[in-house]
Amino acid sequence: MIDFSSGSVFKLSQCNPQDVAGDVAPLLIPGEQLYFAFKTVRDFVVFTDKRLIAVNVQGMTGRKKDFTSLPYSRIQAFSVETAGTFDLDAELDLWFSGLGKVRLEFKGNSDIRQLGQMIATYVL
């Protein structure tokens, strides 16, 4: 499991959700849709219309994967920080009931405002 409580930070780059759809498809409920996907070298995070799914790829072969599902219904607050001139990374902080703060860090070319708007749609 990804240890969100220790303030782990992921540097994520946006990718096509269809690139990782095969990995998360067995976890999706009927009608659930993928909206955004972001990857590191091996790990990735998917945003659906119901939740955030963080995938931690483990082992040398990468066949073992840990899937952490974080439903939007458990978000108490969130913060979006856009990239700047010198600080080229954007950040998304989510506070989950019973879990605490989850921070995701994105490379500057990610559309963090659109992601924040999507989260607001399901949280507010």
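Numbering (full-length UniProt numbering) for the sequence shown: 1 to 124. Beta carbons: idealized from backbone N, C-alpha and C, even for Gly. Values in this document were obtained by computation on a predicted structure and should not be read as measured data.
### Message
If contacts are defined as beta-carbon pairs under 8 Å, then L34 and T48 qualify, I think. What distance do you get, rounded to the angstrom?
### Response
Along the sequence shown, one-based indexing puts residue 34 at 34. Along the sequence shown, one-based indexing puts residue 48 at 48. About 6 Å; that satisfies the 8 Å criterion.
### Query
At which residues does the alpha helix (DSSP H) containing I53 begin and terminate?
Residue numbering aside, residue 53 sits at position 53 when the sequence shown is read from its first letter. I53 -> not in any alpha helix (DSSP H); beta strand (DSSP E) instead, spanning R51 to Q58.
### Message
Tell me which residues share the same chain as W95 and place their Cβ nearer than 6 Å to its Cβ, disregarding the 5 neighbours each side in the sequence.
### Response
Reading the sequence shown from its first residue, position 95 is the one you call residue 95. For W95, where only same-chain residues beyond five positions count, the Cβ hits under 6 Å are Q76, A77 and K101.
### Task
Indicate, with yes or no, if the ligand FMN has a heavy atom lying under 6 Å from the CB of D66.
Annotation note on the ligand FMN: not contained in the displayed structure, which lists no ligands.
#### Entry: Member of K50, L28, V57 and D87 whose CA lies at the smallest distance from the CA of R74
Position 74 of the sequence shown holds residue 74. Considering only alpha carbons, the answer is K50.
### Message
Please identify the residue among P30, I112 and L52 whose C-alpha is closest to the C-alpha of L88.
### Response
Position 88 of the sequence shown, counting from 1, holds the residue named residue 88. Nearest C-alpha to L88: I112.
### Query
Do G108 and A83 come within 7 Å of each other at the CB atom, strictly closer than that value?
Position 83 of the sequence shown holds residue 83. Position 108 of the sequence shown holds residue 108. It is a contact, given that the beta carbons lie within the stated cut-off.
### Task
Report the residue from F106, K11, L92 and S97 whose alpha carbon sits nearest the alpha carbon of I119.
Here residue 119 refers to the residue found at position 119 when the sequence shown is read from its first residue. The shortest Cα separation from I119 among F106, K11, L92 and S97 belongs to L92.
### Query
Smallest Cα separation from residue 166: which of Y122, L52 and T121?
Examination of residue 166 is not possible in this model, given that the chain is present from 1 through 124 alone.
### Task
For the segment 7 to 41, list the alpha helix (DSSP H) runs that are entirely contained and at least 4 residues long, ordered along the chain.
21 to 24
### Query
Which residues in the same chain as V24 place their Cβ atom closer than 6 Å to its Cβ, once the five residues preceding and following it in sequence are excluded?
The sequence position of residue 24 within the sequence shown is 24, counting from 1. For V24, where only same-chain residues beyond five positions count, the Cβ hits under 6 Å are V46 and I53.
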